[in-house]
Amino acid sequence: MSLQYIDYGTAQYKEMVKLKKTVLEKTLGIDFNTDYLKMDQDNILLGCYDDGRLEGCCQLKRIDDKTMQLRQMAVASGLQGKGIGKVLLRFAETLAKDQGYKRIYMHAPEASRGFYEKCGYVVYGEPFYRQGIRHLLMEKKLYNI
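Reminder that position 56 of the sequence shown reads as 56 in full-length UniProt numbering, one-by-one numbering, no gaps.
This is how it looks when you write it as structure tokens:
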């Protein structure tokens, strides 16, 4: 398993978009159209590979000098529950902490709550709905990772 940065617009990025569409488009109702994908160019794109195959991806969006937002975490169908998401999340957290960020937050689908809580995230604020799916605001302070 290897963890790496993905450059916007490359063949690896196109593979990332394909994985996000497969995993997230139906479950979260996200329309990965060209305008929506343009936002990716300002984010840190991360991938988890095994034997050259992309198995998971996520991105970090800089919010301010202390905070990053975790976005669009996706693990390939059939590979969920095998630790790929946890490894990828730890990679993202370490990267953020190494760059001086103190906090990561996200809009997590309620169905993912248990996974993120096991990884040290806590719910804050009020639940909300996006595309008819209940989401939670979750955060983690990056002091002790």
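For each residue, glycine too, the CB sits at the ideal point set by N, CA and C.
Values in this document were obtained by computation on a predicted structure and should not be read as measured data.
Nearest-angstrom beta carbon gap, residue j and residue i [assumed within contact, 8 Å]
{"i": "L3", "j": "L70", "result": "So it is not a contact: roughly 15 Å between Cβ atoms."}
{"i": "I104", "j": "L28", "result": "19 Å between Cβ atoms; not a contact."}
{"i": "M1", "j": "C57", "result": "With a Cβ gap of about 13 Å, M1 and C57 do not count as contacting."}
{"i": "E55", "j": "L79", "result": "5 Å"}
{"i": "L60", "j": "A11", "result": "Not confirmed; about 21 Å, so no contact."}
Other residues of its chain near residue i: CB distance less than 8 Å, five sequence neighbours each side excluded
{"i": "H135", "result": "H107, A108, P109, E110, P127, F128 and Y129"}
{"i": "E139", "result": "R103, I104, Y105, M106, Y121, V122 and Y124"}
{"i": "G9", "result": "Q41"}
{"i": "L37", "result": "V17"}
Own chain partners of residue i with C-beta closer than 7 Å, once the 5 adjacent residues on each side are dropped
{"i": "residue 179", "result": "As displayed, the chain neither begins before 1 nor continues past 145, which places residue 179 out of reach and without an answer."}
{"i": "R62", "result": "M68"}
Bridge partners - residue i, DSSP secondary structure assignment
{"i": "T67", "result": "R103"}
{"i": "I133", "result": "R130"}
{"i": "Q59", "result": "L45 and R71"}
{"i": "A108", "result": "L136"}
{"i": "D50", "result": "R53"}
{"i": "I84", "result": "Bridge partners of I84: none, in fact."}
DSSP-derived helix/strand/coil call for residue i
{"i": "K140", "result": "strand"}
{"i": "M1", "result": "coil"}
{"i": "F91", "result": "helix"}
{"i": "Q41", "result": "helix"}
{"i": "A96", "result": "helix"}
{"i": "I30", "result": "coil"}
{"i": "Y116", "result": "helix"}
{"i": "G125", "result": "strand"}
Burial state of residue i, where buried means 16 or more other Cβ atoms lie within 10 Å
{"i": "M39", "result": "exposed"}
{"i": "A92", "result": "buried"}
{"i": "Y5", "result": "exposed"}
{"i": "residue 159", "result": "Residue 159 falls outside the range modelled here, since the chain spans only 1 to 145, and no answer is possible."}
{"i": "Y116", "result": "buried"}
{"i": "A74", "result": "buried"}
{"i": "Y143", "result": "exposed"}
{"i": "K82", "result": "exposed"}
{"i": "E66", "result": "Note that residue 66 is Lys in the sequence shown here, rather than Glu. So K66 ends up on the exposed side."}
{"i": "K118", "result": "exposed"}
Same chain, Cβ closer than 6 Å to residue i, neighbours up to 5 away in sequence not counted
{"i": "T22", "result": "none"}
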